[in-house]
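**Student:**
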Amino acid sequence: MRRGASCQQASRQKALIAPTANGSPLLSPLGFGLGLRTVHYEALLGSHRGCVSWLEALTENYLVPGGRPLDFLRRLGEHYSLVLHGVSLSIGSTDPLNLEYLRQVRNLAASCEAKWISDHLCWTGVEGINLHDLLPLPYTQESLQHVASRIRQCQDYLGRRLLIENVSSYLSYAGSEMSEWEFLGELAKRADCLLLLDLNNIHVSATNHGFDPNTYLDALPVDRVQQIHLAGHTRHGELLIDTHDAPVAEPVWQLYDAALRRFGPVSTMIERDDNIPPLEVLLEELQRARGAALSLRADAA
Amino acid sequence: MTSRDLAQLQKRLQQSIIGETAFSDAAAGTRVNAATRTDVYVNAYRLRLIDALAANFPRLQRFMGTAAFAALAENYLAQFPSTSVSVRWFGDRLAQFLRDDHTSAVAPWLADLADWEWEIAAAFDSPDAPPIALAALNVAPEEWPRLRFTLHPSVRLLRLQTNAVELFSAISDDAAMPEACMLDRPQAYAIWRQEFEVRFRIQDDDEAHTLTLLGQDATFDAMCGDLCDWHEASEVPARAASLLRTWITDGMIAGATSD
Chain A
-17 MRRGASCQQA SRQKALIAPT ANGSPLLSPL GFGLGLRTVH YEALLGSHRG CVSWLEALTE
43 NYLVPGGRPL DFLRRLGEHY SLVLHGVSLS IGSTDPLNLE YLRQVRNLAA SCEAKWISDH
103 LCWTGVEGIN LHDLLPLPYT QESLQHVASR IRQCQDYLGR RLLIENVSSY LSYAGSEMSE
163 WEFLGELAKR ADCLLLLDLN NIHVSATNHG FDPNTYLDAL PVDRVQQIHL AGHTRHGELL
223 IDTHDAPVAE PVWQLYDAAL RRFGPVSTMI ERDDNIPPLE VLLEELQRAR GAALSLRADA
283 A
Chain B
13 MTSRDLAQLQ KRLQQSIIGE TAFSDAAAGT RVNAATRTDV YVNAYRLRLI DALAANFPRL
73 QRFMGTAAFA ALAENYLAQF PSTSVSVRWF GDRLAQFLRD DHTSAVAPWL ADLADWEWEI
133 AAAFDSPDAP PIALAALNVA PEEWPRLRFT LHPSVRLLRL QTNAVELFSA ISDDAAMPEA
193 CMLDRPQAYA IWRQEFEVRF RIQDDDEAHT LTLLGQDATF DAMCGDLCDW HEASEVPARA
253 ASLLRTWITD GMIAGATSD
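Protein sequence lines correspond, in order, to chains A and B. Counting with this note's numbering, you get residues -17 to 283 for the letters of the first sequence. Counting with this note's numbering, you get residues 13 to 271 for the letters of the second sequence.
1. DSSP three-state call for A/Lys(-4): helix, strand or coil?
2. Can you list the residues of chain A that B/Leu25 reaches, using a CB-CB cut of under 8 Å?
3. Name the chain A residues that come within less than 8 Å of B/Leu61, Cβ to Cβ?
4. Taking only beta-carbon atoms, is B/Gln22 less than 7 Å away from chain A?
5. Taking C-beta pairs closer than 8 Å, name the residues in chain A that B/Phe69 reaches, listed in chain order.
6. Which word fits B/Ser33, buried or exposed, when buried means at least 16 other C-beta atoms lie within 10 angstroms of its C-beta?
7. Can you tell me the Cβ-Cβ gap for A/Leu37 and A/Leu9, rounded? I've got them flagged as a contact below 8 Å.
8. Using beta-carbon positions only, say whether B/Arg251 and B/Leu239 come within less than 7 Å of one another.
9. In whole angstroms, what separates the C-alpha of B/Tyr88 from that of A/Tyr238?
10. Any beta carbon from chain B within less than 7 Å of A/Leu153's own beta carbon?
11. When the distance is taken between beta carbons, is B/Ala107 closer than 7 Å to B/Ala119?
12. Name, please, each residue of chain B whose Cβ falls closer than 7 Å to the Cβ of A/Pro195.
13. Could you name the residues of the same chain whose beta carbon sits closer than 7 Å to that of A/Ile223, not counting the 5 residues immediately before and after it, in chain order?
14. Using a C-beta to C-beta distance shorter than 8 Å, which residues of chain B count as neighbours of A/Val149?
15. Based on Cα-Cα distance, which residue from A/Leu153, A/Leu242 and A/Tyr23 lies nearest to A/Gly192?
16. Taking the alpha carbon of B/Ala152 as the reference point, which residue from B/Glu219, B/Trp242 and B/Ser270 has its own alpha carbon closest?
17. So, is the C-beta of A/Ser161 closer than 7 Å to a C-beta in chain B?
18. Return no unless some Cβ of chain A is closer than 7 Å to the Cβ of B/Pro139.
19. Leaving aside the five residues before and after B/Ile144 along the sequence, list all residues of the same chain whose C-beta is less than 7 Å from its C-beta, in chain order.
20. So what does DSSP say about A/Gln(-9), is it helix, strand or coil?
21. Quick one, which of A/Gly28, A/Val65 and A/Thr20 has its alpha-carbon nearest A/Thr41's?
22. Just to make sure I have the definition right: I need the residues of chain B whose C-beta is within less than 9 Å of the C-beta of A/Pro120. Which are they?
23. Whose Cβ in chain A lies nearer than 9 Å to the Cβ of B/Arg100?
24. Examine the Cβ distances between the stretch 97 to 112 of chain B and the stretch 127 to 135 of chain B and report whether three or more of them are shorter than 8 Å.
25. Smallest Cα separation from A/Val68: which of A/Leu55, A/Gly167 and A/Leu116?
26. Residues in the stretch 53 to 69 of chain A with C-beta within 7 Å of chain B's C-beta atoms, listed in sequence order?
27. So for A/Ala240, helix, strand or coil by DSSP?
28. Taking 7 Å as the CB-CB limit, is A/Gln(-10) close to chain B?
29. With a threshold of 16 other CB atoms inside 10 Å of the CB of B/Ala135, please say whether the residue is buried or exposed.
30. Report the option in A/Leu268, A/Leu276 and A/Ala283 whose CA atom is closest to the CA atom of A/Leu16.
31. To the nearest whole angstrom, what separates the beta carbons of A/Arg172 and A/Ala213, a pair I think is in contact under 8 Å?
32. Does any residue of chain A have a CB that is nearer than 7 Å to the CB of B/Tyr57?
33. Please identify the residue among A/Ser6, A/Asp53, A/Leu264 and A/Glu162 whose C-alpha is closest to the C-alpha of A/Thr122.
34. Could you list which residues in chain B have their beta carbon closer than 9 Å to that of A/Glu164, in chain order?
35. So which residues of chain B does A/Asn80 contact, with C-beta pairs closer than 9 Å?
36. Given a cut-off of 7 Å, decide if A/Asn148 and A/Asn183 are closer than it, judged by their beta-carbon atoms.
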């Protein structure tokens, strides 16, 4: 990567969103949370009210005109901090940005007082089609410039920094010019965005492409990592598939320890998308994350 | 790589995923070859969108059976890939797709069932609006002819040729499945949401006609005029008042004005 050239470009770009008082772009951490799933609505509002400090709602599930889903979100917002996590921004697509989608996201974020908004480093389709998949980008200077510019446009429109999440991938492109971690780290600086690290995705991609996940973590800027996802995966022959349908795997817990050491007490949540267990099971799993953070703090003291 | 290159690359991978054609831009990986890697995306695409369609039409899937539904979903996906930001809207043309399909001649209830299931879901998350109360009808007698009404945004009016609603209810209730059949004559139905509960009921022809009319901004006077097609003039005011009372009590009317 022509690092010198890219840094010059970055410094010429105006800082669109001011840093916070202490000079860091990071937002106040929220502690430990869970991905919001409909099967847990009643427990989160009833028997387990207040069991976590924050919930991550899937943006597209609430881009509906009205009715019960939005009412649940409103009621949950009375007891939990909410953040929005989208899958259709398609920030890496060469299609024009979907401004109608952004308008809806902005309105939703305002109505549920979302603490932050995240989406993925990927593209989901071109020529107006949505494949509803998180497709990887070729890691080139061209993509970097393209994605950084689109993130800035979105941030201008939304009036806040976005969190960009690394995706799991199964293929890489012959034309890539740099590693994913070099791309992501440089993107965060150029776009002046924040990062959502999915440690399961790093582990899955590391296994599938044969890189060291610790190299990935060590390359990322400490002052950009706002949130961590913990999740599970499935082995399919020689490849790991990011199914998010199983408990967090042991190598991912180890990666979490390494991430805590590098990035400090980052807001952490468990993201289960399928085969969703009762809330108690996820809370127990989250307890392990709390334990890891506590023991790290004890070590540091 | 230029921006045009990136656009072309994305088109090629998308074409590979949709059309299951070879993708030659993937890096040759260790242990697993590039074709196997691309296949992960190809297979996931079909399975994900079939699942999404099944999530939007669970009763149609149960009625048809998993295999027949999957075949339908693949055909639909090939013709109408998703263009929405959310899979919530994937399948918006399934009922019409079934009507246009040659199977509609032998199983016309499938299209009706798809239509019904889609509209029930649409009522579920349609816009919120407070329904008016009966007190809104306390207006001066001379204003009555000019009264116009706004239907609640959740209201859906359908006319079905088959017993799809009976099939839908049997599947929902896990009850014995009636035989699918054509009705003697088309039947009108209204679907709407009251608070957060989706409701539906059969409508008489005069009710279906006049509720449609009010939804098109017609006045109470026009509604009474059309009711004369079904009723003696002397009975029309009572019938009109009774219909309005029912609609308002059921939460199907969101506004009334005589401006």
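Positions of the beta carbon are idealized from the N, C-alpha and C atoms, including for glycine.
**Tutor:** Taking the coordinates as given:
1. With a pLDDT of only 42 at A/Lys(-4), under 50, the local geometry of the prediction cannot be trusted, and the value read off the model is given with reservation. Correct three-state label for A/Lys(-4): coil.
2. Leu117
3. His114
4. yes
5. Near B/Phe69 there are no residues of chain A at all, since even the closest Cβ is about 17 Å away, more than 8 Å.
6. Note that residue 33 of chain B is Thr in the sequence shown, not Ser. Exposed, since its Cβ has fewer than 16 Cβ neighbours within 10 Å.
7. Their Cβ separation, rounded to whole angstroms, is 16 Å, which puts A/Leu37 and A/Leu9 out of contact at 8 Å.
8. yes
9. 42 Å
10. yes
11. no
12. Simply none; closest approach about 16 Å.
13. His215 and Thr216
14. The contacting residues do not exist; A/Val149 stays about 12 Å from chain B at best.
15. A/Leu153
16. B/Ser270
17. no
18. yes
19. Ile260, Ile265, Ala266, Gly267 and Ala268
20. Any reading at A/Gln(-9) must be qualified, since the residue scores a pLDDT of 38, below 50, and its modelled position is unreliable; no value is offered.
21. A/Val65
22. Met13, Asp17, Leu18, Leu21 and Asp37
23. Glu42, Asn43, Leu45 and Val46
24. yes
25. Contrary to the premise, residue 68 of chain A reads as Gly rather than Val in this sequence. The option with the nearest alpha carbon to A/Gly68 is A/Leu116.
26. Asp53
27. helix
28. Confidence is the limiting factor: at A/Gln(-10) the pLDDT is only 37, short of 50, which leaves the residue's position unreliable and the question unanswerable from this model.
29. buried
30. A/Leu268
31. Actually they are not in contact, since the Cβ atoms of A/Arg172 and A/Ala213 sit about 28 Å apart, beyond 8 Å.
32. yes
33. A/Glu162
34. Result: empty, since nearest Cβ-Cβ is about 16 Å, beyond 9 Å.
35. Val97
36. yes
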